[in-house]
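This report refers to the structure that appears directly beneath it.
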Amino acid sequence: MSLSFLLLAVAALCALSFYFGRQRAVALSGGRHSNLHSLPAHYGAYTAAWCGIPALFLILIWYMFQGTVIETLIISDLPAEIVNDSGQLSLALNSISLIAAGNGEHLSVSPEIIDAGRRLGNLQTVANVALVVVILSAAVLGLAVSYRKIEAEMRARNNIERIARYVMIGCSAIAILSTVGIVFSLLFEAMHFFTKVSPLEFLFGLEWSPQTAIRDDQVASEGAFGAIPLFAGTLLITLIAMCVAVPIGLFSAIYMGEYASPKFRAVAKPALEILAGVPTVVYGFFAALTVAPFLRDNGAVLGLDVSSESALAAGLVMGVMIIPFVSSLSDDVMSQVPKSLRDGSYGLGATKSETIRNVIFPAALPGIVGAVLLAVSRAIGETMIVVMAAGLAANMTANPLQAVTTVTVQIVTLLVGDQEFDSAKTLSAFALGLVLFLVTLGLNVFALKVVQKYREKYD
Amino acid sequence: MTDMASLMEDRAAAKVISDNLRKPVDWDSPKIARNIKKRYAAERRFKIYGLAAIFLALTALFVLAGSIGSKGYSAFYQTYVQLEVTFDKSVIDPDGTGDPEVIGRANYDGLIKSALRERFPDVTARRDKRNLYGIVSGGASYDLRERVLENPSLIGQTRSVWLISGDDFDMLNKGYIDPAVPEGDRRLNDQEVGWYNELVADGAVDKQFHARFFTNGDSREPELAGIWGAAVGSFYTLIVTLALSFPIGVLAAIYLEEFAPKNRFTQIVEVNINNLAAVPSIVFGLLGLEVYLNVMHLPRSAPVVGGLTLALMTLPTIIIASRAAIKAVPPSIRQAALGLGASPVQTVTHHVLPLAMPGILTGTIIGMAQALGETAPLLMIGMVAFIVDVPGSALDPATVLPVQIYLWADSPERAFVEKTSAAIMVLLAFLVLMNGLAVYLRKKFERKW
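Listed below in structure tokens is the structure:
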């Protein structure tokens, strides 16, 4: 509430300063705009920018650090025996924030915690008030300073255009920032994880059962974090998906590009693209409630024992999802093969299919490989279909009729629900995420390079 | 040595070819005719493979649509049961105060239960009674309360009222529970099926349009669960996503396409954008969890965090589409503007951007459609909580349509299957609408220069 109010207030101040700046420029011009270096609106924009941009920037910085700073302040006042035990600490912080929010009457906690809760409440109030005061005074200060700087000779247009350029550079840099953010957040928590479980065990261990004891006195397994079964399951499902998507996608691309009449193309192509626009959660529902029971019942008729969460169901549906991806990419690639190659082949008397098989396809092969690799990376990172249709059991099997689990399924199961950022169980999700990120990144970079090289060849 | 051998081989091969060339080919020989026939057959087969591939893909699409449509259409209506309810004065307003507060607090559940007991007086066992009360949904008492509050003159009268039925009876009425299967294998026992048959024989069972599905929030009771809460959550999330990714994406695209010098920074940005477009969505969820929740301590399950996460995800889509649209504006426009004395920024804001806007908007709508259908990153930041209330702002805990679908798909009650399918239909309707708008924009404003 206070944030939207603050943003509205800053916006209002900006509008006001635009008006003031413009008025001042008009006043300075003495009624003749040619006395000014720039248009009056430029002067208005100049003051508005000086009023709004620093304020917005401050808000951003403030929200980035407010939570951390307050938490550090609270923790520094807690007794040492709570701070040193991470389990107790998170519990204490929980009750403190409940008390601060006014919902802590029923809690039976020590007086230090209650004190800390009150302090947290006070700190939050102070922080909110301080934020409003700081931001509004920054905005007003920016307005005042820039207003006073306005003169008839001031190069307002050049100034505002320079500011615009910096803002644009900042926006482009967000692409870099989010990559850096991904890498650091994954690395940070994964490093945390690797202090508890050795990377070798994680990467090459054959057993995955992340359930660890919550309390010390519980009789529970230690938890095993060998990720090989997850990788195997991911590969199995990806393989099944590719077996569906690559032939169907390639053949439909060939038919669309070489045989189909324009009318047929105009209908079939958008229809295929619909498959790419269906949300993955819908595919997941379809896989879990239609395809999996269908496979199980038919398997039973044939005397096969098909698990109700078989890798086959998830893989088939994922393959269907990827068809348009493969088909549109390979369509692109094949249409780039120069016409001269095709004409040469026809001139020697080859039929259409012979030309496609012996000339176009080999010429387009690098590009098609790139397309397939991009599709593989998409299949590996796909989440909802496998979460809903594949199982949780980390089986090491090559049998597509059994249940397997994947990297993405485990990330979701580990992080949905209670998270404890000090247990290997929660942290392992970030290690899996890191592996996932690196593998898909590697595949993409490689595939894009292959496709690019192929393009250069025929350009 | 090997060179020598291969040379010999080449020569031998050349000789065979030239011998063959020297011999005139008899084009009418049966061998050639067979060969041509074979090649044409191969050609036809190849063509059929292509057609079959497209046919298979489209079949998958139709099966998907058909299975969801056939499972979900029944969620749009709901079974109602007619009962003779006595609006007992001693229960509702014993002192005759007429005070809405007193009337509002009365035990309407009890009224329904006694109506049910009156309808089936021979039910006495405690277990059977509990089953009997299951005929009517727990939400029916709220309807009754509304009715009395609206019209207090009902107090003391007996009226026949249509009440929303419980989910098991709804399923029976819609044919999802087959009374022919053995008693142990179905949710309702023979006695309950008997009650149902008796009610049907009296004409006291009816299906009505199920408006609650569109107006309610989530609920544990399938017959009371609706998608409005999730729809509002999706709306707030998308607004935050749009508010962030549209300006940032367009500004970045303008910079990269119009102003950026060819240097290292620009190169890194381009590589980053291409890679971000291919990063699995769940990784963005991990980023959101770590940065927004753990570092910045933003509220869990709030649409604002969902929007921030999805904004990073849709940013590459918008940047790539906007760059393509800006690139499509011919250079002559820019040269004309510059020639008339416009500054580079003025050239872009006054001429290039307006001309590129339809393309940019098309790309943005497609990006928003992707964001609307996205589930996995939102699971990471806790938007999977069970939330009954409709969110009032972007900071309230909420869920979104695809996550609601995921949650319902996981629910064990049979009645949630049709709710899930119906929610999918609503989600798909929104997506079709958005993509249709994008296609319309493209068709309407497309310019060939």
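If you're matching them up, the sequences are chains U and Y in order. The first sequence: position 395 = 408 (my numbering), numbered continuously. The second sequence: position 73 = 904 (my numbering), numbered continuously. Cβ coordinates follow ideal geometry from the N, Cα and C atoms, glycine included.
Is the separation between the beta-carbon of T1178(Y) and that of A1168(Y) shorter than 7 Å? Note that the C-beta distance between T1178(Y) and A1168(Y) is below 7 Å.
State the DSSP-derived secondary structure class of V232(U), mapped to helix, strand or coil. With a pLDDT of only 49 at V232(U), under 50, the local geometry of the prediction cannot be trusted, and the value read off the model is given with reservation. In the three-state reduction of the DSSP assignment, V232(U) falls in the coil class, being assigned neither a helical nor a strand state.
State buried or exposed for V417(U), treating a residue as buried only when at least 16 other CB atoms are found within 10 Å of its CB. It is buried - the Cβ of V417(U) has at least 16 other Cβ atoms within 10 Å.
Check whether the Cβ of F215(U) lies closer than 7 Å to any Cβ atom in chain Y. Any Cβ of chain Y closer than 7 Å to the Cβ of F215(U) would place that residue at the interface, and such an atom is absent.
Using a beta-carbon distance below 7 Å, is S265(U) in contact with chain Y? Taking Cβ atoms only, chain Y reaches closer than 7 Å to S265(U), which makes this a yes.
With 7 Å as the threshold, decide whether the Cβ of R870(Y) is near any Cβ in chain U. Yes, because at least one Cβ of chain U sits closer than 7 Å to the Cβ of R870(Y).
Just to make sure I have the definition right: I need the residues of chain Y whose C-beta is within less than 9 Å of the C-beta of T60(U). Which are they? Residues of chain Y passing the Cβ test: none, with the nearest at roughly 18 Å.
So with Cβ pairs under 7 Å, would you call F299(U) a contact of chain Y? Yes, F299(U) counts as interfacial toward chain Y.
Between N1106(Y) and chain U, is there a C-beta pair that is closer than 7 Å? True, the Cβ-Cβ gap to chain U drops below 7 Å.
State buried or exposed for P952(Y), treating a residue as buried only when at least 16 other CB atoms are found within 10 Å of its CB. Exposed, by the Cβ-count rule.
Find the residues of chain U that neighbour S1112(Y), judging by a C-beta separation of less than 8 Å, and give them in chain order. Per Cβ cutoff of 8 Å: G394, T396.
Local Cβ density within 10 Å of M839(Y), reported as buried at 16 or more and exposed below that: Residue burial annotation: M839(Y) is exposed, with fewer than 16 other C-beta atoms found within 10 angstroms of its C-beta.
Between the region 159-169 of chain U and the region 1061-1079 of chain Y, can you find at least three pairs of beta-carbon atoms closer than 8 Å? With a cut-off of 8 Å, the region 159-169 of chain U and the region 1061-1079 of chain Y do not count as touching, because too few Cβ pairs lie within range.
Below 8 Å, how does it come out for the region 1082-1093 of chain Y and the region 1147-1165 of chain Y: are there three or more Cβ pairs, yes or no? The answer is yes - the region 1147-1165 of chain Y touches the region 1082-1093 of chain Y, with three or more Cβ pairs under 8 Å.
Going by Cα to Cα distance, which pick from R1095(Y), Y908(Y), L975(Y), I899(Y) is closest to L942(Y)? Between L942(Y) and the set R1095(Y), Y908(Y), L975(Y), I899(Y), the nearest pair of CA atoms involves L975(Y).
Using a Cβ-based criterion (distance less than 6 Å to any ligand heavy atom), does F450(U) qualify as near the ligand FMN? Within the structure as shown, the ligand FMN is missing, as the structure has no ligands at all.
Proximity winner among E433(U), N412(U), F18(U), I398(U), relative to L420(U) (alpha-carbon distances): The amino acid at residue 420(U) is misidentified as Leu; the sequence shows Val. Of the candidates E433(U), N412(U), F18(U), I398(U), the one whose C-alpha sits nearest the C-alpha of V420(U) is I398(U).
Could you check the C-alpha separation between G218(U) and T410(U) for me, to the nearest Å? If you take the alpha carbons of G218(U) and T410(U), they lie about 15 Å apart.
If you run the structure through DSSP and keep just helix, strand and coil, what is T917(Y)? If DSSP states are grouped into helix, strand and coil, T917(Y) belongs with the strands.
May I ask you to report which of helix, strand or coil DSSP gives S905(Y)? Correct three-state label for S905(Y): helix.
Residue-level contact to chain Y via CB, V346(U), 7 Å cutoff: So no, V346(U) is outside the interface.
Helix, strand or coil at V180(U) [DSSP, three-state]: V180(U) falls in the helix class under three-state DSSP.
Would you please verify whether the beta carbon of V1176(Y) is less than 7 Å from any beta carbon of chain U? Residue-level contact by beta carbon holds for V1176(Y) and chain U, with a gap shorter than 7 Å.
In chain Y, what lies closer than 8 Å to V458(U) by C-beta? Neighbourhood of V458(U) in chain Y, by CB distance below 8 Å: N1106, in chain order.
Show which residues of chain U have a CB atom less than 7 Å away from the CB atom of F877(Y). Those are S366, listed as they occur along chain U.
Please report the Cβ distance between G881(Y) and S191(U), rounded to the nearest whole angstrom; I am assuming they are in contact, meaning their Cβ atoms lie under 8 Å. Between S191(U) and G881(Y) the Cβ distance is about 41 Å, and since that is not below 8 Å, they are no contact.
In the DSSP assignment, the alpha helix (DSSP H) including V1110(Y) goes from what residue to what residue? Careful: V1110(Y) lies outside any alpha helix (DSSP H) and carries neither H nor E.
How should H1181(Y) be labelled, buried or exposed, when 16 other C-beta atoms within 10 angstroms of its C-beta is the threshold for buried? Classification for H1181(Y): exposed.
Under 8 Å by beta carbon: chain Y residues contacting P260(U): Neighbours of P260(U) on chain Y, chain order: A884.
Suppose you measure from the CA of G1116(Y) to the CA of D356(U); what does that come to, to the nearest Å? Here the C-alpha atom of G1116(Y) lies approximately 50 Å from the C-alpha atom of D356(U).
Listed from N- to C-terminal order along the chain, which residues in the region 332-357 of chain U have their beta-carbon within a distance smaller than 7 Å of any beta-carbon of chain Y? The residues in question are V333, I336.
Within chain Y, partners of S185(U) - CB distance below 7 Å: Those are A1083, Y1086, L1087, V1100, listed as they occur along chain Y.
Work out the CA separation of A388(U) and I335(U) for me, nearest whole Å. Cα to Cα, I335(U) sits roughly 7 Å from A388(U).
Below 7 Å between beta carbons: does that hold for V294(U) and T1206(Y)? In terms of Cβ geometry, V294(U) and T1206(Y) form a close pair [threshold 7 Å].
L1087(Y) and S185(U) look like a contact to me (Cβ under 8 Å); what is the Cβ gap, rounded to whole Å? Contact holds; Cβ gap of about 6 Å.
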